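Student: Protein chains in written order, with this note's numbering: chain A, -2 to 820; chain B, 61 to 238. The structure's right below; bear with me while I get my questions together.
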Ligand code: SF4
Ligand code: SF4
Ligand code: FES
Ligand code: FES
């Protein structure tokens, strides 16, 4: 286990008084302790930065952010490392500041190779952009530049070009402050300085991709994206990672109908701006040649390609052959909410079978759902985090980073059982029962103040204690406690302890469920013992019978029974699931790949991936998020919900929910956890639905979310407009030449170009600089991203430009089920 | 990667004592690296990793120190390490001539060691002996006003086996004008 050097304890929040200052003649009031650069951002004044990054502690290493502050002994100050003071008068653009900044840029360019033509970053490089905007344009340096071997692979995914590095230390600080593990550092000094891992070792952190993303220049590039594309050729779509249930937000960058890369789309409530490498580089499966492209049907013992009509016919006939209680469905956790909803409808409503479930943990409680669910954000403000019976480092890396953030602030970590965070634990205790007992035995008013500074276990000189009593006392410090556990861990003991502590949202229980949309499927009723929204089956029967015509309200076989060796069923539908010990007589499989199970199936229906459809997922803390369609479905594949819709059609029911948006609206009308949910919600600030109740009681309406900052996709998400980043000068290129055919629901590049060019005259003050980005947003009032988010949403740096409004009404979400061209 | 046990138990003991004598144990890291260099003659990478473990630091944090300070050797060095000051006073007084002369006489480049293992030539930041610029250090003994003649004298006395030359901690004074 690797520990790290002591670092700044982050401020865990708290009320601060306000300070008023003047920047470029405009007054602004901000909280005490705010940095000048952030105060300027509030006014919409751009101060260029390289080393500064809102998620890292300021270092003041590059000096490009210099501003002129009146009445100072040294008037030229780094805006990123200077806190505001009452009455401060700051000039960002006067002669002194401009001259100083020009000087800094000249120095930064001394050793820079300026090999933009072959640099991945060109077009989204802060060095290019700020040189253009703030540079002097001429260099007095005529000596030879330093030279290094051009590209050096320093990790599995990361390639370093030392000549391009401007020594901003963002990557170093990321490893040190955020990932808190072995990583990159500066080796040598002065002009010889270079970035690298410990000599002879490889930089193989599972978070390494983040360093590539935040590198402000092209010094760090990733193997997967290297030389693949120019940023202005990419169309960007807001989406959500489906690598695990954390639900980190990402941007899918598509180049000519292929995913070129995934980038973080900072959501402070969930991912804090980071992705793990599994999520970031996990897109290669989308274009894998192994993907299923055509329906397959078993004929004479062989799976052979068939038309959709034929395959659906066989599937429907097969399912109809058996009595309802001998038919069942099992879903894997990648299935969307929309797909899950239709699966429930297919089973309980149409086929009349209660046998449906999804892959989930062992400790699923039959009686009632989880209470006291925490929000991921709660980890930031917790005073104690208990990790029990799970390994977030391995299963949910995003949560691992968030726990570390809590540790840097004020949380103390108690680990029960071995996991990737054990080395950071302030306390390690044997079992939850022991801890609960010790807690119960503490004298009533025992409270221990936070005793910082003292070395923490992850700092040099700190150590982990096994003192049970002290560990229990940590839980007494406040009720801001978060328990992190896997869904295989029994929840009763945890709930009891959390109740004694009196936890309140956003703290409480954070269950690391197994798959991306495991929580969503539970809430869509893909369970043998609950109706959607954790309703009791009998109670829900009436409403669903009315809406769906029928509703089988019995309790059915569960996951273990259906996938086990004594599977009682005769016909099954398997969606995205590859465990099945005993094949029933008739098996229909919906999947992306031909798994071992699919090879035994009677009908195999090719499903589309999460970037090829509009869909929602619900993450482990109950946040419902929307993935936009970035690509047309591969081959003849279809979104799962469309397949289920057609299957129902062949079974004799024509459902009215023939678009993803309509399905979601129906969820909103029937599912008590998603009251009045609609795709339109994703446009507004309070859009995200919390499916778990905030206060521990099921069935209460969701808490009032006003005031909880929630990140949305930059533009109205499912609409045709790209959410960020269309290059101004690219418009003419887009208009010229042949383009691939338009995708249903996706804005044709030509169309986009026309629209964008129409918009350009609207942009004023300052006019767009060549090379700058504009954001097209949909709808007259569609809110743009908040400055803090836009900051991160576009590359590593801070680019602030006005957002022109452009109305594009095309919505892929409203595309009805398409007629498939039959071969 | 298992760290090769390079630090003797006795050395590890001394390092732990050092750590205990500072309010923040990691403050002892530079001293610990000096101890290692004293014992091994240089600070090899496995030793860096091992001392990082002792201090509970990620290994790259030790590398960054060892490579930042010229006093630590990241390669094996000769019996006499000539550390030529390259900072401003010495530079103005001709440190480049010193380097050129030594490179020629020893037939090595800066950063290298002679084949017989006697001399290593390295650069250094200001040695705080600017009054005697250009100056150098022979291991940790000062040698100032390095004209070509004085450099030749230095080399010949060291080659001749006078391992106490220049005398420790005595700043050399030019002969008084008569
Ligand atoms: S590699 Fe990139 S992020 Fe790291 S110091 Fe260099 S420029 Fe900064
Ligand atoms: S933590 Fe999970 S959701 Fe986040 S990027 Fe990694 S795999 Fe994706
Ligand atoms: S010094 Fe302020 S951004 Fe680098
Ligand atoms: S500059 Fe050489 S000793 Fe000071």
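In this text, a Cβ means the ideal position worked out from N, Cα and C, and glycines have one as well. Remember, it's a predicted structure, so these values are computed and weren't measured experimentally.
Can you list, in chain order, the residues of the segment 67 to 87 of chain B whose Cβ is nearer than 7 Å to any Cβ on chain A?
Tutor: Residues passing the 7 Å Cβ filter: 84, 85, 86.
Student: Mind pulling the chain B residues with CB within less than 7 Å of residue 457/A?
Tutor: As a working note, residue 457/A is residue 460 in the first chain. Under the 7 Å cutoff, chain B gives 85, 86, 115, 116, 117.
Student: Could you spell out where the beta strand (DSSP E) holding residue 218/A opens and where it closes?
Tutor: On the first chain, position 221 is the one that residue 218/A refers to. That run of the beta strand (DSSP E) goes 217 to 219.
Student: Can you pull the chain B residues whose beta carbon is under 9 Å from the beta carbon of residue 145/A, in chain order?
Tutor: Locating residue 145/A in the first chain gives position 148, where the first residue counts as 1. Here the premise fails: no neighbours, minimum Cβ distance about 15 Å.
Student: Report the option in 587/A, 406/A, 325/A, 215/A whose CA atom is closest to the CA atom of residue 158/A.
Tutor: Mapped onto the first chain, residue 158/A falls at position 161. When only C-alpha atoms are compared, the closest one is 215/A.
Student: Taking a cut of 7 Å between CB atoms, which residues from the segment 148 to 173 of chain B lie near chain A?
Tutor: Of all residues in the segment 148 to 173 of chain B, none has a Cβ within less than 7 Å of some Cβ in chain A.
Student: From the DSSP output, in three-state form, read off residue 486/A for me.
Tutor: Reading the first chain from its first residue, position 489 is the one you call residue 486/A. Looking at residue 486/A - three-state DSSP - the assignment turns out to be coil, as it is neither helix nor strand.
Student: Just by C-beta distance, which residues in the segment 176 to 187 of chain A are closer than 8 Å to chain B?
Tutor: Hits within the stretch, in order: 178, 179, 180, 181, 182, 183, 184, 185, 186.
Student: Find the nearest neighbour of residue 404/A within the set 379/A, 623/A, 22/A, 190/A, judged by alpha-carbon distance.
Tutor: Locating residue 404/A in the first chain gives position 407, counting from the first residue. Nearest C-alpha to residue 404/A: 379/A.
Student: With burial defined as no fewer than 16 other Cβ atoms inside 10 Å of the residue's Cβ, what is the status of residue 299/A: buried or exposed?
Tutor: Residue 299/A sits at position 302 when you count from the first residue of the first chain. So residue 299/A counts as exposed.
Student: Considering only their Cβ atoms, is the gap separating residue 371/A from residue 494/A smaller than 8 Å?
Tutor: As a working note, residue 494/A is residue 497 in the first chain. As a working note, residue 371/A is residue 374 in the first chain. No, the pair does not count as a contact, with Cβ atoms beyond the cut-off.
Student: Any chance you could list the beta strand (DSSP E) runs of at least 3 consecutive residues sitting entirely within the segment 15 to 100 of chain A, in chain order?
Tutor: Runs found: 15 to 20, 23 to 28, 63 to 66, 73 to 75, 86 to 88.
Student: Please report how far the alpha carbon of residue 14/A lies from the alpha carbon of residue 28/A, in whole angstroms.
Tutor: On the first chain, residue 14/A is found 17 positions in, with the first residue counted as 1. On the first chain, residue 28/A is found 31 positions in, with the first residue counted as 1. About 6 Å.
Student: Quick one: does the C-beta of residue 131/A sit closer than 7 Å to a heavy atom of ligand 6?
Tutor: Ligand 6 is absent from the structure shown, which contains only ligand 1, ligand 2, ligand 3 and ligand 4.
Student: Check whether chain B comes within 8 Å of residue 255/A, counting only Cβ atoms and requiring the distance to be less than that.
Tutor: In the first chain, the residue the question calls residue 255/A occupies position 258. Cβ-Cβ to chain B under 8 Å: no for residue 255/A.
Student: Quick one: which chain B residues come within Cβ less than 7 Å of residue 197/A?
Tutor: For the purposes of this step, residue 197/A is identified with residue 200 of the first chain, where counting begins at 1. What residue 197/A touches in chain B: 105.
Student: I want to check one thing, is the minimum distance from the CB of residue 47/A to the heavy atoms of ligand 3 below 7 Å?
Tutor: Locating residue 47/A in the first chain gives position 50, where the first residue counts as 1. Yes, Cβ of residue 47/A sits closer than 7 Å to a heavy atom of ligand 3.
Student: Using a Cβ-Cβ cut-off of 6 Å (strictly less than) and excluding sequence neighbours within five positions of residue 280/A, which residues of its own chain qualify?
Tutor: As a position in the first chain, residue 280/A is number 283, starting the count at 1. Only 256, 259 meet the Cβ criterion.
Student: What does residue 194/A reach in chain B if we use C-beta pairs closer than 7 Å?
Tutor: Against the first chain, residue 194/A aligns to sequence position 197. Result: 120.
Student: Please list, in chain order, all residues of the same chain as residue 688/A whose beta carbon is under 6 Å from its beta carbon, the five residues on each side excluded.
Tutor: Residue numbering aside, residue 688/A sits at position 691 when the first chain is read from its first letter. Model confidence at residue 688/A stands at a pLDDT of 43, short of 50, so the residue's coordinates are unreliable and nothing is read from them.
Student: Along the alpha helix (DSSP H) that carries residue 650/A, what are the first and last residues, could you check?
Tutor: On the first chain, position 653 is the one that residue 650/A refers to. It is not in any alpha helix (DSSP H) - residue 650/A carries neither H nor E in the DSSP assignment.
Student: For residue 204/B and residue 158/B, I'd like the C-alpha separation in whole angstroms.
Tutor: Working through the second chain from its first residue, we reach residue 204/B at position 144. Working through the second chain from its first residue, we reach residue 158/B at position 98. Roughly 11 Å between the two C-alpha positions.
Student: In its own chain, which residues sit with a C-beta less than 7 Å from the C-beta of residue 377/A, not counting the 5 before and 5 after it?
Tutor: Within the first chain, residue 377/A is the residue found at index 380, counting from 1. If we look at residue 377/A and ignore the five residues flanking it on each side, its Cβ neighbours are 402, 403, 406.
Student: Measuring straight from C-alpha to C-alpha, what distance separates residue 567/A and residue 583/A?
Tutor: Translated into the one-based positions of the first chain, residue 567/A becomes position 570. Translated into the one-based positions of the first chain, residue 583/A becomes position 586. So the alpha carbons of these two residues sit roughly 6 Å apart.
Student: Let me know the secondary structure DSSP gives residue 66/B once reduced to three states.
Tutor: Your numbering for residue 66/B matches position 6 in the second chain. Residue 66/B: coil per DSSP, three-state reduction.
Student: State yes or no: is the C-beta of residue 272/A within less than 8 Å of the C-beta of residue 238/A?
Tutor: Within the first chain, residue 272/A is the residue found at index 275, counting from 1. Within the first chain, residue 238/A is the residue found at index 241, counting from 1. Cβ distance < 8 Å, so residue 272/A and residue 238/A count as in contact.
Student: Taking 7 Å as the cut-off, is the beta-carbon of residue 60/A closer than that to any non-hydrogen atom of ligand 3?
Tutor: Residue 60/A sits at position 63 when you count from the first residue of the first chain. Yes.
Student: Secondary structure at residue 105/B, three-state DSSP: helix, strand or coil?
Tutor: Residue numbering aside, residue 105/B sits at position 45 when the second chain is read from its first letter. In the structure shown, residue 105/B sits in a helix (DSSP, three-state: H, G or I).
Student: Does DSSP put residue 254/B in a helix, a strand or coil?
Tutor: Shown here, chain B extends from 61 to 238; a query on residue 254/B therefore has no answer.
Student: Do residue 37/A and ligand 3 come close, with the Cβ less than 7 Å from some heavy atom?
Tutor: Sequence index remark: in the first chain, residue 37/A carries index 40 (1-based). False, no ligand heavy atom lies under 7 Å from that Cβ.
Student: Within 10 Å of its beta-carbon, does residue 207/A have 16 or more other beta-carbons around it, so buried, or fewer, so exposed?
Tutor: Position 210 of the first chain holds residue 207/A. Its Cβ being crowded by 16 or more others within 10 Å, residue 207/A is buried.
Student: For residue 581/A, which beta-bridge partners are listed by DSSP?
Tutor: For the purposes of this step, residue 581/A is taken as the residue at position 584 of the first chain. According to DSSP, which records beta bridges pairwise, residue 581/A is partnered with nothing at all.
Student: Where are the beta strand (DSSP E) runs, 3 residues long or more, that stay fully inside the segment 217 to 262 of chain A, in chain order?
Tutor: Those beta strand (DSSP E) runs which fall completely within the segment 217 to 262 of chain A and span 3+ residues are 217 to 219, 232 to 237, 246 to 252, 255 to 261.
Student: Quick one: is the Cβ of residue 2/B within less than 7 Å of any heavy atom of ligand 1?
Tutor: Summary: the structure shown does not reach residue 2/B, with chain B confined to residues 61 through 238, and so no result is reported for it.
Student: Taking residue 191/B as the query, report the chain A residues whose CB atoms sit under 8 Å from its CB, ordered along the chain.
Tutor: As a position in the second chain, residue 191/B is number 131, starting the count at 1. Under the 8 Å cutoff, chain A gives no residues; its nearest Cβ is about 25 Å from residue 191/B.
Student: For the candidate residues 90/A, 261/A, 57/A, whose alpha-carbon lies nearest to that of residue 22/A?
Tutor: The residue labelled residue 22/A in the question sits at position 25 within the first chain. Closest by alpha carbon: 90/A.
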